[in-house]
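*Asks:* Have a look at this one.
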Amino acid sequence: MSSPTLQGRIATEDEIRSLQHVPAHLPKRVWLAATIGMAERFAYYGTQTLFQNYLQNKPTDLVPGAMGLGKSTATTVNLAFTVIYAVGSTVLFATSFPSEMKTGISTPGFVVGAILIALGLGGVQASIQPFIADQYTESDMRIRTNKQGQKVVEDRELTIQYIYNVYYWMVNVGSLGSVATTLMEKYIGFWSAYLLDLCAVALCVLVVQVARPKFVHPPIQGSKLPLAARCLWCAAKGGFKLDAALPEKQLEVHGRVVPWDEEFIAELRGALSAFKICIGWPIFWVCMGEGSQVSISQAGQMETHGIPNDLIKSANPVAYVLFGVIVQKQLYPFLQKRKIVFSPVNRITLGFAIMAIAMAYSAVVQNAIYQAGPCYSRPLACDASQGGQIPNHVHVLLQLPTFVIIAIAEVFCWPTGSEYTYSHAPKSMKSILQACYIGTAGLGYLLGMALSPLAKDPLLVVLWSLVAGMMFLTACAFRVAFRKY
């Protein structure tokens with residue numbers, strides 16, 4: 001067995017080449033931070049899952065609601081809420097927290113985020129991610145012994161990958177809150193479900209305050225986002241060339257002294273290079289939006305046999321929890337032991353392709369609904385439905401694979417996007433890049449709002465097919481554009 005003195009020493013070049021690489025052990029505060037994120041996701045998904053029925057249906061409909069706005073309008077409003085949520089998270093995080101993180105987790109970020117989630121903003125999720133990853137800022141690889149007594153190398157890159165996979169795994173556990181709220185919606189009422197979500201928010205704030213001593217409290221240094229925005233504006237006016245924003249160029253051409261230096265321009269150049277990989281994400285979030293909102297309406301057109309139409313969606317976080325463990329604990333170590341490189345670009349490409357399959361399958365399900373009676377392409381709207389009380393004769397479990405396939409897609413690309421932007425961003429701009437990564441969701445849901453006029457019968461097959469095609473083309477273009485990254 002290896003000597004205990006080996007623990008924690010820096011690995012030699014020979015050891016780095018020959019020994020197995022593994023992630024480091026995570027400190028308790030990382031798990032605590034992820035637990036807070038789990039509570040935030042409980043509140044968000046427990047609330048957001050209810051919105052489609054609440055907005056779309058009337059209290060007297062087959063699937064009871066409250067406002068009776070109709071499918072297309074309800075989808076638009078639901079997506080607008082998600083846009084506010086994503087954009088609010090981005091602005092909050094990019095402008096309110098330290099631009100250079102020290103090792104630790106910022107308590108103020110959690111407190112502000114936990115309070116704002118009650119207003120529909122995702123501050124907790126936005127603020128947690130980079131602070132978790134900043135637990136490991138050393139580039140040195142260190143030796144430790146595993147449970148079998150073998151020497152292994154703690155790899156920083158694998159550690160960051162592990163941290164983000166753990167984080168997203170736990171927030172999907174929190175997403176299972178939608179199971180409880182959908183059942184409460186059906187058997188008690190909307191008020192009880194929303195009250196439960198409010199309790200989750202309160203718990204989130206309480207845990208942050210109680211656990212305050214566990215976190216590091218770096219001084220607020222101000223955000224570099226306004227400075228970066230001014231730099232980019234100068235670059236745009238100079239022919240979209242970042243060199244045009246250099247201090248000497250600004251002084252020479254415009255006769256003005258700017259508050260940044262060449263080092264800041266170099267950092268901004270690195271941040272833009274890292275952000276390029278986010279280009280394909282808005283389309284991914286279009287698909288996520290369709291899977292979150294339109295799929296609930298789709299289930300309402302099918303025979304549910306007593307199952308709430310918004311409960312079947314909970315199969316998504318369940319599948320993520322299961323497949324997340326398999327991929328992180330089995331697939332990735334299997335590939336790593338055999339020196340098979342499964343790069344972030346390949347993981348994201350695979351996730352995008354699988355997401356395209358999920359959307360295509362939803363189009364198949366929708367077509368099956370339109371092929372079935374009694375109302376065919378007008379579910380719940382013909383006389384044979386007896387006032388919208390008889391759905392088309394298709395079992396709701398036919399929809400189940402959609403959410404399982406979406407979960408598999410998320411396992412490969414969702415945490416990988418965070419991991420990549422964190423790892424490749426300059427130290428001073430990691431926070432901004434993480435916020436911008438989350439902000440792509442807002443753009444994606446805006447695109448989804450543009451497609452919402454198609455979210456009505458008999459156009460739903462066209463909608464699902466369109467987003468499937470968009471996602472497939474995005475996967476292909478992403479692989480071609482970033483194959484050398």
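Using UniProt numbering, read the sequence shown as starting at 1 and increasing by one per residue.
For glycine and all other residues, C-beta sits at the position ideal for the given N, C-alpha and C.
By a C-beta neighbour count over all protein chains shown, 10 Å radius and 16 as the cutoff for buried, is Ser96 buried or exposed?
*Replies:* For Ser96, the pLDDT reaches just 49, beneath the cut-off of 50, and the residue's location in the model is therefore unreliable, leaving the point undetermined.
*Asks:* Would you kindly check if the distance between the Cβ of Cys234 and the Cβ of Gln250 is under 8 Å?
*Replies:* Yes, these two residues count as a Cβ contact at 8 Å.
*Asks:* Could you please give me the residues that DSSP links to Arg144 through a beta bridge?
*Replies:* According to DSSP, which records beta bridges pairwise, Arg144 is partnered with Val152.
*Asks:* Report buried or exposed for Leu50, applying the criterion of at least 16 other Cβ atoms within 10 angstroms of its Cβ.
*Replies:* Answer is buried; the Cβ neighbour count reaches 16.
*Asks:* Measure the C-alpha to C-alpha separation of Lys484 and Thr421 and round it to an integer number of angstroms.
*Replies:* C-alpha separation (whole angstroms): 16 Å.
*Asks:* So, using beta-carbon positions, are Glu290 and Met359 closer together than 8 Å?
*Replies:* It is a contact, given that the beta carbons lie within the stated cut-off.
*Asks:* Nearest CA to the CA of Val411: which residue from Met170, Trp464, Arg378 and Arg269?
*Replies:* The residue with the shortest Cα to Cα distance from Val411 is Met170.
*Asks:* Curious, which full-length alpha helix (DSSP H) runs of at least 4 residues does the region 430-458 contain?
*Replies:* The qualifying runs are 430-451.
*Asks:* Runs of 4 residues minimum, wholly inside the region 184-238: which ones carry the alpha helix (DSSP H) assignment?
*Replies:* Listed in chain order, the complete alpha helix (DSSP H) runs (minimum 4 residues) inside the region 184-238 are 190-210 and 225-237.
*Asks:* Between the C-alpha atoms of Ala80 and Glu154, what's the straight-line distance to the nearest angstrom?
*Replies:* In a straight line, the C-alpha of Ala80 is about 43 Å away from that of Glu154.
*Asks:* Gly306: beta carbon under 7 Å from a heavy atom of the ligand ZN?
*Replies:* As presented, the structure is devoid of all ligands, the ligand ZN included, so that no description of it is given.
*Asks:* On the DSSP bridge assignment, give the partners of Ile10 in chain order.
*Replies:* For Ile10, which the question treats as bridged, DSSP gives the partners Arg142.
*Asks:* Below 8 Å between beta carbons: does that hold for Gly439 and Val286?
*Replies:* In this structure, Val286 does not lie closer than 8 Å to Gly439 by Cβ.
*Asks:* CA-CA distance, Val30 and Leu196?
*Replies:* In a straight line, the C-alpha of Val30 is about 26 Å away from that of Leu196.
*Asks:* Looking at C-beta atoms only, is the number of pairs between the region 458-475 and the region 273-287 that lie closer than 8 Å three or more?
*Replies:* Yes, the region 458-475 is in contact with the region 273-287.
*Asks:* Please state whether DSSP places Val22 in a helix, a strand or coil.
*Replies:* Correct three-state label for Val22: strand.
*Asks:* Evaluate Gly46 with the Cβ neighbour count: other Cβ atoms within 10 Å of its Cβ, from every protein chain shown; 16 or more gives buried, anything less gives exposed.
*Replies:* Gly46 is buried by the Cβ-count criterion.
*Asks:* Cα-Cα, which of Ser428, Ala180, Cys476 and Gln20 is closest to Gln48?
*Replies:* For Gln48, the nearest C-alpha among the options comes from Ala180.
*Asks:* Quick check: the Cα distance between Ile279 and Gly70, rounded to an integer number of angstroms?
*Replies:* So the two alpha carbons sit approximately 33 Å from each other.
*Asks:* Return the CA-CA distance between Ala353 and Gln301, expressed in angstroms with no decimal places.
*Replies:* Distance between the alpha carbons of Ala353 and Gln301 is about 28 Å.
*Asks:* Taking DSSP as the reference, what is the three-state secondary structure of His395?
*Replies:* It is a strand residue.
*Asks:* To the nearest angstrom, how far is it from the Cα of Tyr320 to the Cα of Ile405?
*Replies:* Computed Cα separation, rounded: 9 Å.
*Asks:* Using 10 angstroms around the beta-carbon of Ile188, count the other beta-carbons present and answer buried if the total reaches 16, otherwise exposed.
*Replies:* Looking at its Cβ environment, which holds fewer than 16 other Cβ atoms inside 10 Å, Ile188 is exposed.
*Asks:* Whole angstroms are fine: how far does the CA of Thr75 sit from the CA of Ala455?
*Replies:* So the two alpha carbons sit approximately 7 Å from each other.
*Asks:* Evaluate contact between the region 302-311 and the region 390-406, counting only Cβ atoms and requiring at least three cross-stretch pairs below 8 Å.
*Replies:* They touch, by the three-pair rule.
*Asks:* By alpha-carbon positions, which one of Val294, Leu451, Gly388 and Leu463 ends up nearest to Lys58?
*Replies:* Taking only the C-alpha atoms, the option nearest Lys58 is Gly388.
*Asks:* Could I get the ranges of all uninterrupted alpha helix (DSSP H) runs contained in the region 258-313, with 4 residues as the minimum, in chain order?
*Replies:* Counting only runs of 4 or more, we get 262-275, 281-289 and 295-300.
*Asks:* In chain order, what residues of the same chain have a beta carbon less than 6 Å from the beta carbon of Val258, not counting five sequence neighbours either side?
*Replies:* If we look at Val258 and ignore the five residues flanking it on each side, its Cβ neighbours are Pro247 and Gln250.
*Asks:* Identify the continuous alpha helix (DSSP H) that holds Pro59 and give its terminal residues.
*Replies:* Careful: Pro59 lies outside any alpha helix (DSSP H) and carries neither H nor E.
*Asks:* Pick from Leu446, Phe482 and Thr416: whose alpha carbon is nearest that of Gln434?
*Replies:* The candidate whose alpha carbon is nearest that of Gln434 is Thr416.
*Asks:* Report the rounded CA-to-CA distance for Leu272 versus Lys337, giving the unit in angstroms.
*Replies:* Roughly 33 Å between the two C-alpha positions.
*Asks:* Taking DSSP as the reference, what is the three-state secondary structure of Val325?
*Replies:* Reduced to three states, the DSSP call for Val325 is helix.
*Asks:* What separation, rounded to the nearest whole angstrom, lies between the Cα atoms of Ser428 and Ile369?
*Replies:* Spanning the two alpha carbons is a distance of roughly 52 Å.
*Asks:* Look up Met355 in the DSSP assignment and say whether it is helix, strand or coil.
*Replies:* Here Met355 sits in helix by DSSP.
*Asks:* Using C-beta distances below 6 Å, list every residue in its chain close to Gln328, excluding the 5 sequence neighbours before and after it, in chain order.
*Replies:* Within the same chain, Gln328 has close Cβ partners Asn165.
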